[in-house]
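Trainee:
Numbering (our numbering), first residue to last: 4 to 295.
(1) With DSSP as the reference, please indicate the residues paired to residue 66 in a beta bridge.
(2) Alpha carbon to alpha carbon, what distance is there between residue 240 and residue 281?
(3) Note down the Cα distance separating residue 284 from residue 265, rounded to an integer number of angstroms.
(4) Hey, how far is the Cα of residue 194 from the Cα of residue 245?
(5) Relative to the C-alpha of residue 275, which residue among 187, 247, 66 and 232 is closest?
(6) How is residue 35 classed by DSSP in three states: helix, strand or coil?
(7) Under a Cβ-count criterion, where at least 16 other Cβ atoms within 10 Å of its own Cβ denotes burial, should residue 26 be classed as buried or exposed?
(8) Am I right that residue 215 and residue 198 are in contact with their C-beta atoms under 8 angstroms? What's the rounded C-beta distance?
(9) Could you compute how far the alpha carbon of residue 210 sits from the alpha carbon of residue 118?
(10) Under 6 angstroms Cβ to Cβ from residue 39, same chain only, skipping five residues before and after it: list those, please.
(11) With a floor of 4 residues, list each alpha helix (DSSP H) that falls wholly inside the segment 206-275, ordered by position along the chain.
(12) Can you give the Cα-Cα distance for residue 318 and residue 133, rounded to whole angstroms?
(13) Is it buried or exposed, residue 206, if we count other Cβ atoms within 10 angstroms and call 16 or more buried?
(14) May I ask you to list the residues that DSSP assigns as paired with residue 59?
(15) Compute the distance between the beta-carbons of residue 74 and residue 146, then report whether it is under 9 angstroms.
(16) Along the chain, where does the alpha helix (DSSP H) containing residue 157 start, and where does it finish?
(17) If you compare alpha carbons, which of 286, 269 and 139 is closest to residue 20?
(18) Give me whichever residues DSSP pairs with residue 84 in a beta bridge.
(19) To which residues does DSSP link residue 76 through a beta bridge?
(20) According to DSSP, what are the bridge partners of residue 19?
(21) Just reading off the alpha helix (DSSP H) that residue 134 is part of, what are its end residues?
(22) For residue 190, does the count of other Cβ atoms within 10 angstroms reach 16, so buried, or fall short, so exposed?
(23) Suppose you measure from the CA of residue 131 to the CA of residue 167; what does that come to, to the nearest Å?
(24) Please check the pair residue 84 and residue 41, which I expect to be a contact at CB under 8 angstroms, by giving their CB distance rounded to whole angstroms.
(25) Nearest to residue 182 by alpha carbon, out of 64, 47, 59 and 70?
(26) Going by DSSP, what residue range makes up the alpha helix (DSSP H) through residue 94?
(27) Could you give the distance in angstroms between the alpha-carbon of residue 212 and the alpha-carbon of residue 291?
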């Protein structure tokens, strides 16, 4: 499980990926250069981004901007979610179109949420949602059928989505300084996430990880909370529990005690407490539910 920058997630030669998730799940903070659209077909899910938490319900759409650090929080009950990921290079044809191409990167570097309301549609935001949902459903249909030329249709629908956003979402200035600041922040986070991935089984102190980010403990704690939306201690707990989930499913012969120590917890009691807090059930209950 990668907990930092996701890489090589798209089809070679065509920067697009679509996949479905039908289970309740959690995932620690991570980021990727690709744009991500989350469409909730049924149920609900909770997505965190910095200090904002989005409660998504059936029909809701969340567009996650390039480089935005985000994470998924556990919710009771299953939900059916479609994830669409695509790279900015898919819009290279617009690189010479001065009036359109220059707005693409700033627009898709910010996260946008559009919620579905009860009919009839009564305001501008709901009309925007209706238009976007129509294009997303067409993308899902084309991707599932994969008829001749479906790549062209997928690309056309993504162009339609961006056109809808350009015409209806207020554009905020996105300067070179903003971009450089984001890149510096992501580089520091990348170093921290890689350190955690390598040493999560050890005793990781705030002092050690602050040094990795080249910050004092005080500034690191504030930086991490602002950038990720949770404290470093909370992130480390989520990461370790994510590792424990994998072991519970894929190494069933391993005891709960061994799994707790293999994922960096210094006591079985602490492991049970943190697992229940994050997953809403005990490790044993989680393991049983995974094989129903």
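All C-beta atoms in this analysis are idealised placements derived from N, C-alpha and C, irrespective of residue type, glycine included.
Mentor: In brief:
(1) For this step, residue 66 is matched to residue 63 along the chain shown. BP columns for residue 66 point to 40 and 115.
(2) For this step, residue 281 is matched to residue 278 along the chain shown. For this step, residue 240 is matched to residue 237 along the chain shown. Their backbone Cα atoms lie some 8 angstroms apart in a straight line.
(3) Counting from one through the chain shown, the residue named residue 284 turns up at place 281. Counting from one through the chain shown, the residue named residue 265 turns up at place 262. Going from the Cα of residue 284 to the Cα of residue 265 covers about 20 angstroms.
(4) To locate residue 194, count along the chain shown from 1; it is residue 191. To locate residue 245, count along the chain shown from 1; it is residue 242. Near 19 angstroms, if we compare the C-alpha coordinates of residue 245 and residue 194.
(5) The residue labelled residue 275 in the question sits at position 272 within the chain shown. Measuring from the Cα of residue 275, the nearest candidate turns out to be 247.
(6) Against the chain shown, residue 35 aligns to sequence position 32. Correct three-state label for residue 35: coil.
(7) In the chain shown, residue 26 corresponds to position 23, counting from 1. With fewer than 16 neighbouring CB atoms inside 10 Å of its own CB, residue 26 falls in the exposed class.
(8) Taking the chain shown and counting its residues from 1, the one referred to as residue 215 is at position 212. Taking the chain shown and counting its residues from 1, the one referred to as residue 198 is at position 195. So it is a contact: roughly 5 angstroms between Cβ atoms.
(9) Sequence index remark: in the chain shown, residue 210 carries index 207 (1-based). Sequence index remark: in the chain shown, residue 118 carries index 115 (1-based). Their backbone Cα atoms lie some 41 angstroms apart in a straight line.
(10) Stepping through the chain shown from its first residue, residue 39 is reached at position 36. Cβ neighbours of residue 39 beyond the five flanking positions: 67 and 88.
(11) 209-215, 220-231, 235-253 and 259-265
(12) This structure cannot speak to residue 318, because the chain is shown only from 4 to 295.
(13) Start at 1 with the first residue of the chain shown, and residue 206 comes out as number 203. Burial call: exposed.
(14) Counting from one through the chain shown, the residue named residue 59 turns up at place 56. DSSP output for residue 59 lists 48 as bridge partner(s).
(15) Taking the chain shown and counting its residues from 1, the one referred to as residue 74 is at position 71. Taking the chain shown and counting its residues from 1, the one referred to as residue 146 is at position 143. Result no, Cβ atoms of residue 74 and residue 146 do not sit closer than 9 angstroms.
(16) Working through the chain shown from its first residue, we reach residue 157 at position 154. For residue 157, the uninterrupted alpha helix (DSSP H) segment begins and ends at 153-171.
(17) Counting from one through the chain shown, the residue named residue 20 turns up at place 17. Taking only the C-alpha atoms, the option nearest residue 20 is 139.
(18) By 1-based counting over the chain shown, the position of residue 84 is 81. Per DSSP, 24 and 43.
(19) Numbered from its first residue, the chain shown carries residue 76 at position 73. DSSP, once it has assigned bridges, lists 49 as partnering residue 76.
(20) To locate residue 19, count along the chain shown from 1; it is residue 16. DSSP, once it has assigned bridges, lists 89 as partnering residue 19.
(21) Taking the chain shown and counting its residues from 1, one reaches residue 134 at position 131. From DSSP, the alpha helix (DSSP H) with residue 134 extends over 127-148.
(22) As a first step, residue 190 is located in the chain shown; it is residue number 187 there, counting from the start. Burial call: exposed.
(23) In the chain shown, residue 131 corresponds to position 128, counting from 1. In the chain shown, residue 167 corresponds to position 164, counting from 1. Using only the alpha carbons, I get a separation of about 7 angstroms.
(24) Within the chain shown, the letter at position 81 stands for residue 84. Within the chain shown, the letter at position 38 stands for residue 41. Sure, about 6 angstroms apart at Cβ, within 8 angstroms.
(25) Counted from its first residue, the chain shown places residue 182 at position 179. Closest option to residue 182, Cα to Cα, is 70.
(26) On the chain shown, position 91 is the one that residue 94 refers to. Where residue 94 is concerned, there is no enclosing alpha helix (DSSP H), given that its DSSP letter is neither H nor E.
(27) Position 209 of the chain shown holds residue 212. Position 288 of the chain shown holds residue 291. So the two alpha carbons sit approximately 35 angstroms from each other.
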